[in-house]
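For reference, the structure discussed in these notes is given below.
Number of protein chains: 2
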Amino acid sequence: MAGTNRSQEVKTGGPRIILVEPQLGQNIGASARAMLNCGMTEMALVNPREIWPNERAVAMAAGATQVLDAATLHDTVDTAVGDLERVYAATARPRDMILRTLTARDAAAEIRAAMDQGVKTGILFGPERSGLTNDHLTHIDTVISIPLNPAYASLNLAQAVLLVGYELAFADFDQAGRAAFIEDTPPPSSKAELDAFILRLESELETRGYFPNEALRGSMARSLRTIFQRGRYTTPELQTLHGIVSTLINPRDRGKP
Amino acid sequence: MAGTNRSQEVKTGGPRIILVEPQLGQNIGASARAMLNCGMTEMALVNPREIWPNERAVAMAAGATQVLDAATLHDTVDTAVGDLERVYAATARPRDMILRTLTARDAAAEIRAAMDQGVKTGILFGPERSGLTNDHLTHIDTVISIPLNPAYASLNLAQAVLLVGYELAFADFDQAGRAAFIEDTPPPSSKAELDAFILRLESELETRGYFPNEALRGSMARSLRTIFQRGRYTTPELQTLHGIVSTLINPRDRGKP
């Protein structure tokens, strides 16, 4: 019912909206509507609780079934983000992890600038009640924080998608009047390449007794991931990191120069 | 579920949100939630279709019943806006009326500035399906336009309230500056601590034949520095990195878990 400006164009397409373990079909449908409201059409579902495709999702999506029809289904966050170069999460800031955090507005500007340069991006949204876990957050680069009334901040899933999407849609309009943001840096590796490095490092460390016991293993592995997620390494830089690990494990026969 | 910044305050109170002829109690309840999300607590209802007070509104409002309890009930728009000095309407731009129109963002800045000067303001939202009539719009000064995908622009009532309210809430944060976000992030280690790690890594690598010759040494060492400079590690994270290097060099006697 609300007012919209029909004189301007909204880009359609990404970023990919990744709903992690959504509990109710109707919330997936409402999120599809919110996405299309904001010109986003790329949805990924990670392990939805209800059967998929889902009738209640379709009923709720109204005219946005095109988004549901094109949605991809995944067992884990890994495969949902594997081909992406930059991953955000709309979530409360985790208390026990150190993660880069931006407001939805600043994140939207950054995502638009990245997409304009062809960088593939995605945004994770967590399950309705429980939110994203620290394990989910090991896959991301940046937390998106939505500034609201701290005394009453809970949003439903589709509302969170709407607010983040609205900032993205608005960023398009905003950019028309601004000089393009030019980032003169090479693109980061794919998440799959980064993951391969982190998994290798974990495995090499495990073989060498890095994890004192299973109880500590989870938090130590998360710290590792957090540290190496943040770097936004290029593919050659990841090769350098592999080379460092290889050299530390197996000294080369060059000896001292 | 979504992320919020709890370190900043949202003003509560106005502007008055005036729901004109809302059709369904649950939409009034959902609008009350969206209002409180954004720190707005002053609701006025003009001629709601269902009986008021309304059970479905209360059920939907969850923790925002304080907004419903304080809502005022009116027969006409006249009495709902009679004591206000400035009235906006969130609506599609009427085709056959000439009305001043602002985006939600610009309107939010204007409303905040007016309220800071003690000007009493309100915003009309129309009935779910039909929207505001030209008669309703004769009461307003300015149309609020929400820029969305022109091919799929329809929002439900509570979503429209949320987007306008979000812009108002954000206008507060914006004025306060964004320093709080940065202060909230744990500080990175000192450059000296970072340097000590990088020098140690270089030295361990050199001992193990990482640098094939002096000619390549400079650029390889620079790559290392670039990679590890970028991470903005905290002091505990640098300790983790030291631990990784130590483990790779000298496996601990824990063996495999």
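Going down the list, the sequences are from chains D and S. The working numbering puts the first sequence at residues 2 to 258. The working numbering puts the second sequence at residues 2 to 258. Quick reminder that beta carbons are idealized off the backbone N, C-alpha and C, glycines included.
* Asked: What residues in its chain sit with their C-beta under 8 Å from that of D:Thr122, if we drop five residues either side in the sequence?
  -> In the first sequence, the residue the question calls residue 122 of chain D occupies position 121. Close CB contacts of D:Thr122 within its chain, under the 8 Å cut and outside five residues either way in sequence, are with Gly15, Pro16, Arg17, Leu85, Glu86, Arg87, Val88, Tyr89, Ile112, Ala115 and Met116 (chain order).
| request: Residues of the region 71 to 99 of chain S with a CB closer than 7 Å to any CB of chain D: list them in chain order, please. | output: Against chain D - using a Cβ distance shorter than 7 Å - the residues of the region 71 to 99 of chain S are Ala91, Thr92, Ala93 and Arg94.
Short-range partners of chain D found in the region 196 to 219 of chain S, where Cβ spacing is below 8 Å:
Leu202, Glu205, Leu206, Glu207, Thr208, Arg209, Gly210, Tyr211, Phe212, Pro213, Asn214, Glu215 and Arg218
- Query: Of all the residues that make up the region 132 to 158 of chain S, which are near chain D by a beta-carbon distance shorter than 9 Å?
  - Reply: Gly132, Leu133, Val144, Ile145, Ser146, Ile147, Pro148, Leu149, Asn150, Pro151, Ala152, Tyr153, Ala154, Ser155, Leu156, Asn157 and Leu158
Can you look up D:His140 in the DSSP assignment and give me helix, strand or coil?
By 1-based counting over the first sequence, the position of residue 140 of chain D is 139. The answer is coil: DSSP assigns D:His140 none of H, G, I, E or B.
- Message: Please list the terminal residues of the continuous beta strand (DSSP E) segment that includes D:Val47.
- Response: Taking the first residue of the first sequence as position 1, residue 47 of chain D is located at position 46. Per DSSP, D:Val47 belongs to the beta strand (DSSP E) from Met44 to Val47.
| query | Where do the ends of the beta strand (DSSP E) carrying D:Ile147 lie? | reply | Within the first sequence, numbered from 1, the residue matching residue 147 of chain D stands at position 146. D:Ile147 -> no beta strand (DSSP E), and no H or E assigned at all.
Decide yes or no for the touch test of the region 47 to 57 of chain D against the region 150 to 163 of chain D: beta carbon pairs closer than 8 Å, at least 3 of them. no
- With distances taken Cα to Cα, identify the nearest neighbour of S:Met36 among D:Gly244, D:Ala193, D:Val165 and D:Asn150. Locating residue 36 of chain S in the second sequence gives position 35, counting from the first residue. Closest option to S:Met36, Cα to Cα, is D:Asn150.
| Helix or strand or just coil, what does DSSP make of S:Ile52? | Translated into positions along the second sequence, residue 52 of chain S becomes position 51. DSSP places S:Ile52 in coil when its eight states are reduced to three.
- Reduced DSSP secondary structure (H/G/I, E/B, other) of D:Gly15: Counted from its first residue, the first sequence places residue 15 of chain D at position 14. Three-state DSSP puts D:Gly15 in coil, outside helix and strand.
**Message:** Just to confirm my understanding: we take S:Ala105, look at its own chain, exclude 5 residues before and 5 after, and list those with CB closer than 8 Å. What are they?
**Reply:** On the second sequence, residue 105 of chain S is found 104 positions in, with the first residue counted as 1. For S:Ala105, where only same-chain residues beyond five positions count, the Cβ hits under 8 Å are Ala91, Ile145, Ser146, Ile147, Pro148, Leu164, Val165 and Glu168.
Item checked: Which listed residue (S:Tyr211, S:Ala93 and S:Ile29) has its alpha carbon closest to that of S:Asn48 -> Residue 48 of chain S sits at position 47 when you count from the first residue of the second sequence. Of S:Tyr211, S:Ala93 and S:Ile29, the residue nearest in Cα terms is S:Ile29.
Against chain D, with Cβ distances strictly below 8 Å, would S:Pro252 count as a contact? Along the second sequence, one-based indexing puts residue 252 of chain S at 251. For S:Pro252, the answer is yes, since a Cβ of chain D falls inside 8 Å of its Cβ.
Original post:
Under a CB-based cut-off of 8 Å, is S:Ile228 close to chain D?
Top reply: Position 227 of the second sequence holds residue 228 of chain S. Output row for S:Ile228: interface = yes.
Neighbourhood of S:Arg179 by C-beta, 6 Å cutoff - its chain only, sequence neighbours within 5 removed | Against the second sequence, residue 179 of chain S aligns to sequence position 178. Below a pLDDT of 50, predicted positions are generally treated as unreliable, and S:Arg179, at 43, falls in that range; no measurement from the model is reported.
ask   = By Cβ distance below 8 Å, which residues in the same chain neighbour S:Ser32 in space, the five residues on each side in sequence not counted?
value = As a working note, residue 32 of chain S is residue 31 in the second sequence. Excluding positions up to five away in sequence, the list reads Ile18, Leu20, Pro23, Met44, Phe126, Leu158, Ala159 and Val162.
Residues of its chain near D:Leu100, where Cβ-Cβ distance is below 6 Å and the 5 sequence neighbours each way are ignored = Here residue 100 of chain D is taken as the residue at index 99 of the first sequence, counted from 1. So the list reads Val144, once near-sequence residues are dropped.
Where does S:Ser220 land, buried or exposed, given buried means 16+ other C-beta within 10 angstroms? If you number the second sequence from 1, residue 220 of chain S lands on position 219. Label assigned to S:Ser220: exposed.
Requested in this report: Have a look at the DSSP bridge pairing and note the partners of D:Arg87.
Outcome: The count along the first sequence starts at 1 and reaches residue 87 of chain D at position 86. Answer is D:Thr122, bridged to D:Arg87.
Of the residues S:Leu249, S:Tyr211 and S:Ser155, the one placed nearest S:Pro128, counting alpha carbons only
Taking the second sequence and counting its residues from 1, the one referred to as residue 128 of chain S is at position 127. Selected option, being the one with the closest Cα: S:Ser155.
Fill in: Residue range of the beta strand (DSSP E) that includes S:Thr208
Here residue 208 of chain S refers to the residue found at position 207 of the second sequence. Not the beta strand (DSSP E): S:Thr208 falls in the alpha helix (DSSP H), residues Lys192 to Thr208.
message: Taking its Cβ as the centre, do 16 or more other Cβ atoms sit within 10 Å of D:Phe182, making it buried, or is it exposed?
response: The residue labelled residue 182 of chain D in the question sits at position 181 within the first sequence. Confidence at D:Phe182 is low in this model, with a pLDDT of 28, below 50, so its placement is unreliable and the value that follows should be read with caution. Its Cβ having fewer than 16 others within 10 Å, D:Phe182 is exposed.
Q | Beta-carbon contacts of D:Arg218 that lie in its chain and below 6 Å, excluding the five residues immediately before and after | A | What you label residue 218 of chain D is simply residue 217 of the first sequence in a count that begins at 1. Cβ within range, chain order: Phe212.
*asked:* Would you say D:Ala115 lies against chain S (beta-carbon separation less than 8 Å)?
replied: Along the first sequence, read from residue 1 onward, the residue named residue 115 of chain D stands at position 114. With 8 Å as the cut-off, D:Ala115 does not count as an interface residue toward chain S.
Environment of D:Gly132 [buried if 16+ CB atoms lie within 10 Å]
Along the first sequence, read from residue 1 onward, the residue named residue 132 of chain D stands at position 131. So D:Gly132 ends up on the buried side.
Quiz item: S:Leu164 versus chain D: which residues are under 8 Å apart at the beta carbon?
Solution: In the second sequence, counting from the first residue as 1, residue 164 of chain S sits at position 163. The contacting residues are Ala3, Leu163, Leu164 and Tyr167.
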